[in-house]
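Scroll down for the structure; my scribbles are underneath it.
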Amino acid sequence: MREADNIKNVANIQYISYLGFIFYPKSSRYVGADWPKETLVSVPNAVQKVGVFVNESTENVISILQKYCLNIAQLHGEETPAQCDQIRAAGFGVWKAFSLDNNFDFEQLAAYAPHVDCFVFDAKGAHYGGNGHTFDWQVLKKYKLNTPFLLSGGLNPDNFGQAVTQAATLPQMVGLDLNSGFEHSPALKNTEALAAAFTTFSGQ
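Going by the working numbering, the residue at position 32 of the sequence shown is 12; the numbering climbs one at a time, nothing skipped.
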């Protein structure tokens, strides 16, 4: 997201706990180099603001988090556990994203677990994040660490309920990362679809 009115409307939807803003220039959802920080003034304190980065230098990540008063860095590149630690030491939360397929090696996550607050599990695709398709959620049964995770990748109004049901079988799963399946266009969220989905969620 990058438009002030859209951000305000999404932030006021019940059950929305986090808002993500993409600081990756190659993404169609990139907020832009000179994005005004005043765009975020309408976000209530109860909703945490997440900056999404791909292979950005640790110094730039921290600088952007500070400039926009963000709470969390979501890292989608080849960032190391040491980089995660440096960002946390600066006072920010860290979510590390991994792209999954049926052959994903969950053992590699053990090196990151002490250095992050949460994992984000997305579908493996040709690009970093935002590929718009799901992966076989059954593979998540192989995840044995205690670090919580968010489910991402291809979530939309048609499979939202199934994703919520999936959470009941996976105690480490603490939320859903909703992206292209709930957009009118890149970076413009469909507030009606989001509100309808969460109304359904509240009844489960």
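Beta carbons: idealized from backbone N, C-alpha and C, even for Gly.
Here's the rule: buried if 16 or more other CB atoms are within 10 angstroms of the residue's CB, otherwise exposed. What is Cys64?
Position 84 of the sequence shown, counted from the first residue, corresponds to residue 64. Cys64 should be labelled buried.
Leaving aside the five residues before and after Ile(-7) along the sequence, list all residues of the same chain whose C-beta is less than 7 Å from its C-beta, in chain order.
Here residue -7 is taken as the residue at index 13 of the sequence shown, counted from 1. For Ile(-7), where only same-chain residues beyond five positions count, the Cβ hits under 7 Å are Thr171, Leu174, Ala175, Phe178.
Between the Cα of Leu158 and those of Pro151, Leu(-1), Leu80, Asn82, spot the shortest distance and give me the residue it belongs to.
Against the sequence shown, residue 158 aligns to sequence position 178. Nearest of Pro151, Leu(-1), Leu80, Asn82 to Leu158, Cα basis: Leu(-1).
Can you tell me where the alpha helix (DSSP H) with Leu158 in it begins and where it stops?
Locating residue 158 in the sequence shown gives position 178, counting from the first residue. Taken as a continuous stretch (DSSP letters only), Leu158 belongs to no alpha helix (DSSP H), as it is neither H nor E.
Please look up how many angstroms separate the CB atoms of Ile52 and Val30, rounded, as I've assumed it's under 8 Å.
If you number the sequence shown from 1, residue 52 lands on position 72. If you number the sequence shown from 1, residue 30 lands on position 50. Rounded, the Cβ-Cβ distance is 4 Å, consistent with contact.
Any idea if Tyr(-5) is buried or exposed, counting beta-carbon neighbours within 10 angstroms, 16 or more meaning buried?
Taking the sequence shown and counting its residues from 1, the one referred to as residue -5 is at position 15. When all chains shown are included, Tyr(-5) counts as exposed.
When the Cα atoms are used, what is the spatial distance from Leu156 to Ala13?
Residue mapping note: residue 156 aligns to position 176 of the sequence shown, counting from 1. Residue mapping note: residue 13 aligns to position 33 of the sequence shown, counting from 1. When rounded, the distance between both Cα atoms is 28 Å.
Determine the direct distance from the alpha carbon of Ala70 to that of Ala62, and round the result to whole angstroms.
Against the sequence shown, residue 62 aligns to sequence position 82. Against the sequence shown, residue 70 aligns to sequence position 90. Taking the straight line from one Cα to the other gives about 13 Å.
Buried or exposed: Glu18, going by 16 or more other Cβ atoms within 10 Å of its Cβ?
Against the sequence shown, residue 18 aligns to sequence position 38. Exposed, by the Cβ-count rule.
In terms of residues, what are the limits of the beta strand (DSSP E) holding Asp102?
Within the sequence shown, residue 102 is the residue found at index 122, counting from 1. Residues 98 to 103.
What three-state label does DSSP hand Gly133 in the structure shown?
Translated into positions along the sequence shown, residue 133 becomes position 153. Taken through DSSP and simplified to helix, strand or coil, Gly133 comes out as coil.
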